[in-house]
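The structure under discussion appears below in the form of structure tokens.
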Amino acid sequence: MGRKVSSSVSKEKKNDSKASTPTKQNQVTGGSDLVKKDSDKQKKIQTFIVRTVWTLVMITGMFAILAFGHVVTIMFVLVLQTLVFRECINITTERARIEKLPFTQSLNWYFLVTSIYYLDGETFIYYCINNLRNPSVEIFARLFLNNHKFISYCLYVLGFVFFVASLKKGYYKFQFAQLCITHMTLLLVVFQAHLIINNILSGLIWFLLPVGLVITNDIFAYLCGITFGRTRLIEISPKKTVEGFVGAWVCTALMSILLTFILSKYFYLICPVDDDLTINAWSAMMCDPNPVFISQVFKLPPNIAELVKFEYFGLKPIYFHSMVLATFASLIAPFGGFFASGLKRAFKVKDFGDTIPGHGGITDRMDCQFLMGSFSYLYVQTFIDSHRLNIGTILQMILMNLNDDQIVTLINSLETYLANRAR
């Protein structure tokens, strides 16, 4: 009898120990999950802090660059476009580096320099002529200015010849694909950066306002997305939602009013560059502002006037234009980011680089800005500056197209015209 009791007790203990084993395993698993969740949470917090700090650093740096003037801002854009070009090319030329194909990287950089010279060379040559005031430099610069297009063509043809000479058996398809990728990158990056530089010359507001609207839209798309987001917007970017997309549009449109109100108050930002690129935020800059920066009287339709109890109101037209820019920044410019996301997925990379801690590469921050900058240029030239000429533009046309004798003849003709007009 005693043996039976003891054996039953031992069986119960064994059963209890077996039953307790899964519980202990569950406790261990649950503990590891909690540790993992805490680790992920800490990582997200750390990433958020790093991202925020570097965002503030970038914003502060951008305002410092703007304060130092148009030349520094243009140089900043040139540096950015070069870094973006490098990142885009690097993710597509891995095989060329592995196979050690001749001249692949060198030709990419050669075509970049040639494109920059063709698109922006005239502006910098004109700057040298107008500001350095050195006879030797002026003679040398005029030589390049008068033959700018032909020199650019010769440089491109030279690169074309080197490309054909570098073709290697077994890699023809890859090398021609690289040539196409290089030219596509030049079109999407360098050409659009050239238009952004023209925006700077038209007035810093046409650079700063579009940039600010894209940044604003990016911030509110994130905030509205995590708050209201339910419906996926596009397959290539799963985290983007319709609610965040629409909410960011509304918020960006409202913020455009505030940004325009602040930026349009300063001559330094709204005045175009005439013939002096050395001005900065501390210069006493004055100009006849574009009519869009001058308040005008508008008449409301009768039905609306009856509803709001007034018929006329005064407003600067720039506010209407900023709403258009805000709409583009919200509805179209994000597709530049979606395009970049698709490119990264195609080449199986997470980011274009690691230049900016917490943000990835320069391209990851600039993917929407190029599209926004090109639209801003075409919009301003079509609807705002379509009939506006300034002294700097006319002087640049004279220096580029007339020789010394023709310039003297023009001056004499102007003197004769003014003398006859004074009578």
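If you count the sequence shown from 1, position 219 lands on 219 in UniProt numbering, and the numbers rise without skipping. Every residue gets a Cβ at the ideal spot worked out from N, C-alpha and C, and that includes glycine.
Excluding the five sequence neighbours on either side, which residues of its own chain have a C-beta within less than 7 angstroms of the C-beta of residue i, listed in chain order?
| i | result |
| --- | --- |
| Gly373 | Gln192, Leu195, Ile196, Asn199 and Pro210 |
| residue 424 | No information on residue 424 is available, as it lies outside the stretch 1 to 423 that the chain covers here. |
| Asn131 | Leu277 and Thr278 |
| Leu263 | Ile205, Leu208, Leu209 and Leu269 |
| Thr252 | Leu213, Thr216, Asn217, Phe220, Ala326, Ala329 and Ser330 |
| residue 424 | Coverage of the chain is limited to positions 1 through 423, which leaves residue 424 absent and any answer about it impossible. |
| Leu399 | Tyr126, Ile129 and Leu145 |
| Met323 | Ala253 and Ser256 |
| Val9 | Annotation note: pLDDT 48 at Val9 (below 50); position unreliable, no value reported. |
| Lys41 | none |
| Asp404 | none |
| Arg230 | Thr241 and Glu243 |
Relative to the C-alpha of residue i, which candidate in the options has its C-alpha closest?
| i | options | result |
| --- | --- | --- |
| Ile234 | Thr52, Ile116 and Val242 | Val242 |
| Phe103 | Phe162, Lys265 and Thr114 | Phe162 |
| Asn290 | Asn401, Ala422 and Ser202 | Ser202 |
| Tyr266 | Leu223, Phe245 and Leu204 | Leu204 |
| Gly159 | Leu119, Tyr126, Val113 and Asp367 | Val113 |
| Leu277 | Cys128, Lys309, Ala141 and Arg51 | Cys128 |
| Val164 | Leu107, Ser136 and Glu138 | Leu107 |
| His70 | Cys271, Tyr417 and Tyr156 | Cys271 |
| Tyr222 | Phe245, Ile236 and Ile91 | Phe245 |
| Tyr156 | Tyr118, Ile181 and Asn420 | Tyr118 |
| Gly360 | Trp54, Lys41 and Ile45 | Trp54 |
| Leu56 | Ile356, Gln406, Gln381 and Tyr379 | Ile356 |
| Val79 | Phe347, Ala305 and Ile116 | Ile116 |
| Arg345 | Ile91, Thr52, Ile59 and Ile45 | Ile91 |
| Val50 | Asp354, Tyr379, Val349 and Gln381 | Asp354 |
| Thr123 | His148, Ile139 and Val137 | His148 |
Go through its chain and collect everything with a Cβ distance to residue i's Cβ below 8 angstroms, but skip five positions before and after it.
| i | result |
| --- | --- |
| Val292 | Lys316, Pro317, Ile318, His321 and Ile384 |
| residue 428 | An answer regarding residue 428 cannot be provided, because it is not within the stretch 1 to 423 covered by the chain. |
| Tyr312 | Val297, Phe298, Lys299 and Leu300 |
| Ala340 | Phe352, Thr363, Asp364 and Asp367 |
| Ile65 | Val72, Thr73 and Phe76 |
| Ala19 | Note that Ala19 scores 49 on pLDDT, short of 50, meaning its location in the model is unreliable and no value can be drawn from it. |
| Thr93 | Thr104, Gln105, Asn108 and Gln178 |
| Met286 | Phe267 and Cys271 |
| Lys350 | Lys344 and Gly360 |
For the putative contact between residue i and residue j, defined by C-beta atoms under 8 angstroms, what is the C-beta separation to the nearest angstrom?
| i | j | result |
| --- | --- | --- |
| Phe68 | Asn280 | 5 angstroms |
| Ala326 | Ser376 | That pair is no contact at about 11 angstroms. |
| residue 424 | Leu331 | Past the boundaries of the shown model lies residue 424; the chain is included only from 1 to 423, so the question cannot be answered. |
| Phe338 | Ser237 | 5 angstroms |
| Phe228 | Gly247 | 6 angstroms |
Buried or exposed: where does residue i fall if 16 or more other Cβ atoms within 10 Å of its Cβ makes it buried?
| i | result |
| --- | --- |
| Leu179 | buried |
| Ala329 | buried |
| Ala364 | This sequence places Asp at residue 364; Ala is not what is there. It counts as buried. |
| Val77 | buried |
| Asp120 | buried |
| Leu259 | buried |
| Leu307 | exposed |
| residue 425 | Outside the displayed span of the chain (1 to 423) sits residue 425, for which this structure offers no information. |
| Leu186 | buried |
| Lys240 | buried |
| Cys224 | buried |
| Ala284 | exposed |
| Gly2 | Here Gly2 scores only 49 on pLDDT, less than 50, and its place in the model should not be relied on; the value that follows carries that caveat. Exposed, since its Cβ has fewer than 16 Cβ neighbours within 10 Å. |
| Tyr417 | exposed |
| Gly336 | buried |
| Thr182 | buried |
| Gly61 | exposed |
| Ser6 | Below a pLDDT of 50, predicted positions are generally treated as unreliable, and Ser6, at 49, falls in that range; the measurement from the model is reported next regardless. The residue in question, Ser6, is exposed, as its Cβ has fewer than 16 Cβ neighbours within 10 Å. |
| Ala141 | buried |
| Val408 | exposed |
Compute the minimum distance between the beta carbon of residue i and the heavy atoms of the ligand GDP, and state whether it is under 7 angstroms.
| i | result |
| --- | --- |
| His70 | Annotation note on the ligand GDP: not contained in the displayed structure, which lists no ligands. |
Indicate whether at least one CB of chain D lies closer than 8 angstroms to the CB of residue i.
| i | result |
| --- | --- |
| Ile394 | In summary, chain D is missing from the structure at hand, where a single protein chain is found. |
Ignore the nearest five residues each way along the sequence and tell me which others in residue i's own chain have a CB closer than 6 angstroms to its CB.
| i | result |
| --- | --- |
| Gly314 | Ser295 and Val297 |
| Lys4 | Note that Lys4 scores a pLDDT of 48, beneath 50, so its modelled location is shaky; the value from the coordinates is reported in the next line. Closer than 6 angstroms at the Cβ level, and outside the excluded window around Lys4, lies no residue. |
| Arg423 | none |
| Ala333 | Val214, Cys368, Leu371 and Met372 |
| Pro302 | none |
Whole runs of the beta strand (DSSP E) within the stretch 245 to 312, excluding any shorter than 3 residues: Counting whole runs of 3 or more residues, the stretch 245 to 312 contains the beta strand (DSSP E) stretches 296 to 299.
What alpha helix (DSSP H) runs, 4 residues minimum, are completely inside the stretch 335 to 406? Uninterrupted alpha helix (DSSP H) stretches at least 4 residues long and entirely within the stretch 335 to 406 occur at 362 to 366, 369 to 383 and 391 to 401, given in chain order.
Identify every run of the beta strand (DSSP E) within the stretch 202 to 234, keeping only runs that are complete inside it and at least 3 residues long; order them along the chain. Qualifying beta strand (DSSP E) stretches, in chain order: 232 to 234.
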